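Step one of this worksheet: look at the structure below.
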Amino acid sequence: MKIFLLILLVLSSTSTFAALNKWVDANGKVHYSDQPPPANVKAETLRTAPPANEPAKTGSAPAAPKTLAEREAELKKAQQAKKEAAEKAAQEQAKADDKKANCAAAQQNLKILQSGTRLMDIDAKGERYYLSDEQRQQRTATAQQDVDKWCQ
16 MKIFLLILLV LSSTSTFAAL NKWVDANGKV HYSDQPPPAN VKAETLRTAP PANEPAKTGS
76 APAAPKTLAE REAELKKAQQ AKKEAAEKAA QEQAKADDKK ANCAAAQQNL KILQSGTRLM
136 DIDAKGERYY LSDEQRQQRT ATAQQDVDKW CQ
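Residue numbers for the sequence shown follow my numbering, so the first one is 16 and each next one is one higher.
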């Protein structure tokens with residue numbers, strides 16, 4: 016029984032790649048065949064056969080097995096690509112963190128300058144002095160530019 020089934024499968028698989036023709040005979044009967052129709056009958060080709068020099072494709076042809084060196088090279092290449100992607104993601108995350116920290120610092124600086132409290136600074140000699148209204152306005156404008164730059 017198993018042998019019969021195996022032979023049936025082998026025979027049916029070879030005929031599935033043959034051309035399929037359809038034609039109507041003189042009596043009006045429709046014929047389907049892998050054989051060419053008679054010469055005096057108009058036939059319609061439903062499926063063409065693959066070229067004789069090209070093997071029939073049954074889905075995907077199995078690829079030739081790769082050598083150990085080829086598999087190792089592919090593995091190393093994949094690991095390198097993964098490492099580069101991780102490094103790039105880490106750099107982008109670090110940039111995003113820096114931008115967020117700079118934004119928070121710029122907002123805090125602007126908030127202090129806009130609070131109206133007296134602000135003090137240290138000059139080149141190391142002495143303290145209070146900011147004038149003009150100095151406060153200049154620093155507020157600079158702080159606003161920093162907020163616009165970092166908090167987008």
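Glycine is no exception: its CB is placed at the ideal position from the N, C-alpha and C atoms. Note that the structure is predicted; figures quoted are calculated from it, not measured.
The distance from the Cβ of L128 to that of T155 is about 5 Å, consistent with a contact at the 8 Å cut-off. A straight line joining the alpha-carbon of Q50 with that of W38 spans about 11 Å.
Membership of E142 in any beta strand (DSSP E) is not indicated, and neither H nor E is assigned to it by DSSP. Boundaries of the beta strand (DSSP E) harbouring N36: L35 to V39, taken from the DSSP string.
Counting only runs of at least 4 residues, the segment 71–139 fully encloses the following alpha helix (DSSP H) elements, listed from N- to C-terminal order: 83–129.
Following the DSSP letters along the chain, one finds A58 inside the beta strand (DSSP E) bounded by residues A58 to R62.
Non-local beta-carbon contacts of V45 in its own chain, meaning distances under 6 Å to residues more than five positions away in sequence, involve V39 in chain order. Inclusion of A54 and N36 in the CB contact set at 8 Å is not warranted, their separation being larger than that value. By a beta-carbon distance limit of 8 Å, D138 contacts Y144. Their separation comes to about 6 Å.
The Cβ-Cβ distance between A84 and R62 does not fall below 8 Å. Per DSSP, the continuous beta strand (DSSP E) segment holding S48 begins and ends at V45 to S48.
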